[in-house]
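Everything on this sheet refers to the single structure shown next.
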Amino acid sequence: MNIKDKITFFYYWEETLWDDQVDANKYFATLSILFAAIVGALTGGGNTLKSMFNLETEMSLYASLGLCVFIWGYNVAESIVATTNAKTAFLRSLLMLFCIAVAYGLGHLLAVVVIVVVTVILVLLVGWGVLKAALGGSSSGGKTYLVDKDGNKEEVTRGLIGTDLVDKQGHSYQDNGNGTATEIG
Amino acid sequence: MDEYNYSMQTAGDVSFTADNKADTMEHAPSPESEYKPKAIQTVAALLMAIPSLFMIIFPFIYFNYLIDGYEENAMERFRLFLTLSELLIAIGFALLIPVACNKAVKVATISLMCLIIFEECLHVAIFNHILQMSEAVGYIVDILIQLGYIYLFALIINNCSLSTTNRSWINLICVVYAMVVLHHTILWQESFNDAVDLDILQKEDDFLFSSLYTYFWYLLRILMIVTYWNFARCEAFNGQYDKDYKCNFLPLNKWMAMAVIAPFVTGVALYLYYKILSITLQ
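Chain order of the listed sequences is A and B.
Just so we're aligned, residue 7 is where the first sequence starts under the working numbering, counting upward by one.
Just so we're aligned, residue 815 is where the second sequence starts under the working numbering, counting upward by one.
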């Protein structure tokens, strides 16, 4: 499918719906629907970025919906001149309203979902990195030892949390994070 | 043997159908396949498309107007640009007059040229304070001019056999002019703003529509380039003047109906949308 087919998909779809009763412009309806989707995406994405990161990307939801109504008005006009009878013009106008509303909603929703998913992935990646650092290289296969005041060295294993240490006798220690550990209990 | 005969018969049928089709095409040439635009039409198309092309290539002309709109110089520069644009389109129409295919098309083309010059003279006179008219009169004159454009373009569509593609593009000109009626008359009036109590909805740069309207305006400009290109190169200006053609000058057609219904429906829809919104938000 080339770019020309992509920006005329509505035209080919409505040809199967109305047959020869509609003689509309090949590009206008499809471009209107795509534009409504972009307006939805920019509004949804902008407001999500504003609420999550306090960026100056806020866009008025009401104003963008008003713009969609205006775009629909262009398509009502096109429906009247491109159809052979009033009934088809009315039905096509309703279909365009539905398509523009769905495109706006989808664009809005997808933008929010994409931003949230990307943020969650980034947070998880950063969190995983921090966790790995907190584990102190245990994942690298190295061993951790505790050295007491007398210089006795004892091998310990890390617990699930990452900050608790357990020796072979079953004693638990709390990793203080500064190279020292305190026995618990 | 039977099978052989059958296939021969099928082949014959097919070739017979093809011959028939060729015959039909010879007697009634399809406008899309046979028609070739003249050089003068291409020149007119270029002249008509250039203003929209400039608006897109040099968006600062438009943005400067929006940003520095209250500075006198910016307004004057933009007015000069608009006047030159309209002049180019008028020259385009003038070039198309000698190649009009019948009386109705010729009358429509001459009228379009006169109307565009008249509209521009009016705007320049108002801009330079030579002519002053009340807001209401200004809006009524503007509505009448837009309706005039739609009637004249509809006259061309109705009085010659255009290809489906060209017809759909010229329809788009009528659609844009019809929405200009709404845009320049109802939506930007104070009364509309008061009626829907827009103060509640105001947010930074947003007026009635989102600031994204600018991009829709650019989309329309791109479509207008193609529209004027197809209009000037359409079958209505094939140069073969038909004296005996029975012209239909009646304004009662679906284009004029559209010019009334579409802005009205959209205006009512926008009014209801903002009214319900302002009541809900209070």
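Glycine included, C-beta positions come from ideal geometry on N, C-alpha and C.
ask   = Does the separation of the CB atoms of F907 (chain B) and T923 (chain B) fall below 7 Å?
value = Yes; because the gap between Cβ atoms is below 7 Å, this pair is in contact.
ask   = Going by DSSP, which residues form a beta bridge with K197 (chain A)?
value = Shown here, chain A extends from 7 to 191; a query on residue 197 (chain A) therefore has no answer.
CA nearest to the CA of E64 (chain A), picked from B:L1026, B:Y1032, B:I1039 = Between E64 (chain A) and the set B:L1026, B:Y1032, B:I1039, the nearest pair of CA atoms involves B:L1026.
request  = Have a look at A:A69, A:L103, A:A187 and flag the residue whose alpha-carbon is nearest the alpha-carbon of E160 (chain A).
outcome  = Among A:A69, A:L103, A:A187, the Cα nearest to that of E160 (chain A) belongs to A:A187.
key: chain A contacts from the segment 1041–1070 of chain B (Cβ-Cβ distance under 7 Å)   = Per Cβ criterion, the list reads K1068, W1069.
ask   = With distances taken from CA atoms, which of B:L986, B:A1071, B:V995, B:P1065 is nearest R1035 (chain B)?
value = With distances taken between Cα atoms, R1035 (chain B) lies closest to B:L986.
request  = Give the DSSP bridge partners of Q180 (chain A), in chain order.
outcome  = Under DSSP, Q180 (chain A) shares a beta bridge with A:D170, A:T188.
ask   = Is there at least one Cβ from chain A nearer than 7 Å to M1072 (chain B)'s Cβ?
value = The beta carbon of M1072 (chain B) sits closer than 7 Å to some beta carbon of chain A.
task = Taking only the alpha-carbon atoms, compute the straight-line gap between N81 (chain A) and G135 (chain A) and give it to the nearest angstrom.
result = If I take the Cα positions, the gap works out to 52 Å.
key: Nonlocal neighbours in the same chain, by C-beta distance under 6 Å from A842 (chain B), ignoring five residues either side   = Note that A842 (chain B) scores a pLDDT of 44, beneath 50, so its modelled location is shaky; the value from the coordinates is reported in the next line. Excluding positions up to five away in sequence, the list is empty.
inquiry  = Tell me the DSSP secondary structure of A904 (chain B) in three-state form.
reply    = Looking at A904 (chain B) - three-state DSSP - the assignment turns out to be helix.
message = Classify T163 (chain A): buried if its beta carbon has 16 or more other beta carbons within 10 angstroms, exposed otherwise.
response = Exposed, since its Cβ has fewer than 16 Cβ neighbours within 10 Å.
query = At which residues does the alpha helix (DSSP H) containing V12 (chain A) begin and terminate?
reply = Per the sequence shown, residue 12 (chain A) should be read as Lys rather than Val. Counted as a single uninterrupted DSSP element, the alpha helix (DSSP H) harbouring K12 (chain A) occupies residues 9–12.
ask   = Hey, how far is the Cα of I930 (chain B) from the Cα of Y991 (chain B)?
value = Looking at the two C-alpha atoms, the distance is approximately 13 Å.
Buried/exposed call for L171 (chain A), threshold 16 Cβ in 10 Å = The residue in question, L171 (chain A), is buried, as its Cβ has 16 or more Cβ neighbours within 10 Å.
inquiry  = Using only the alpha-carbon positions, how far apart do I1075 (chain B) and K1068 (chain B) sit?
reply    = For I1075 (chain B) and K1068 (chain B), the gap between their C-alpha atoms comes out near 10 Å.
task = Using 10 angstroms around the beta-carbon of G176 (chain A), count the other beta-carbons present and answer buried if the total reaches 16, otherwise exposed.
result = By the neighbour-count rule (16 or more Cβ atoms within 10 Å), G176 (chain A) is not buried but exposed.
inquiry  = Distance cutoff 7 Å, beta carbons only. Does G79 (chain A) sit that close to anything in chain B?
reply    = Cβ-Cβ to chain B under 7 Å: yes for G79 (chain A).
ask   = Does the segment 32–41 of chain A come close enough to the segment 8–19 of chain A that 3 or more CB-CB pairs lie under 8 Å?
value = Judged by Cβ distances under 8 Å, the segment 8–19 of chain A makes contact with the segment 32–41 of chain A, as three or more pairs qualify.
key: Contact check, G51 (chain A) vs I121 (chain A), beta carbons under 7 Å   = It is a contact, given that the beta carbons lie within the stated cut-off.
task = Report the neighbours of L992 (chain B) on chain A: residues whose CB is nearer than 8 Å to its CB, in chain order.
result = Residue identity check: residue 992 (chain B) is Ala in the sequence provided, not Leu. The CB of A992 (chain B) comes closer than 8 Å to the CB of A83 in chain A, given here in chain order.
ask   = What's the C-alpha gap between V1082 (chain B) and M869 (chain B)?
value = Taking the straight line from one Cα to the other gives about 31 Å.
query = What separation, rounded to the nearest whole angstrom, lies between the Cα atoms of G111 (chain A) and D173 (chain A)?
reply = Inter-residue distance for G111 (chain A) and D173 (chain A) is about 58 Å (C-alpha atoms, whole angstroms).
key: Separation of A1073 (chain B) from C1048 (chain B), as counted between CA atoms   = Those two C-alpha atoms are separated by around 23 Å.
inquiry  = Let me see if you follow: with CB-CB separation under 7 Å, is F15 (chain A) close to chain B or not?
reply    = F15 (chain A) does not count as touching chain B.
ask   = If you check the beta carbons only, do M862 (chain B) and I903 (chain B) fall under 7 Å apart?
value = Yes, they are a contact pair.
inquiry  = Please report whether the beta-carbon of L969 (chain B) lies at a distance below 7 Å from any beta-carbon of chain A.
reply    = No, its Cβ sits nowhere closer than 7 Å to a Cβ of chain A.
request  = Kindly indicate which residue of A:N182, A:T54, A:L116, A:Y151 has the alpha-carbon position closest to the one of A140 (chain A).
outcome  = The option with the nearest alpha carbon to A140 (chain A) is A:N182.
message = For the segment 895–911 of chain B, list every residue whose C-beta sits within 7 Å of some C-beta in chain A, in sequence order.
response = Residues: none.
query = In whole angstroms, what separates the C-alpha of E890 (chain B) from that of S866 (chain B)?
reply = Their Cα atoms are separated by approximately 19 Å.
key: Between the CA atoms of K920 (chain B) and P912 (chain B) - distance to the nearest angstrom   = Cα-Cα distance, rounded: 8 Å.
task = Flag T1080 (chain B) as yes if its beta-carbon sits less than 7 Å from any beta-carbon of chain A, otherwise no.
result = At least one CB of chain A lies nearer than 7 Å to the CB of T1080 (chain B).
inquiry  = Is there a Cβ of chain A sitting closer than 7 Å to that of T1100 (chain B), yes or no?
reply    = For residue 1100 (chain B) there is no data in the structure shown, the boundaries of chain B being 815 and 1096.
inquiry  = So with CB distances below 7 Å, who are the chain E contacts of L37 (chain A)?
reply    = As a matter of chain content, chain E is missing from the structure shown, whose protein chains are A and B.
task = Examine chain B for any beta-carbon lying closer than 7 Å to the beta-carbon of V136 (chain A), and answer yes or no.
result = It does not; no Cβ of chain B falls within 7 Å.
request  = Going by CA-CA distance only, name the one from B:L894, B:C915, B:E848 that's closest to A939 (chain B).
outcome  = With distances taken between CA atoms, A939 (chain B) lies nearest to B:L894 out of B:L894, B:C915, B:E848.
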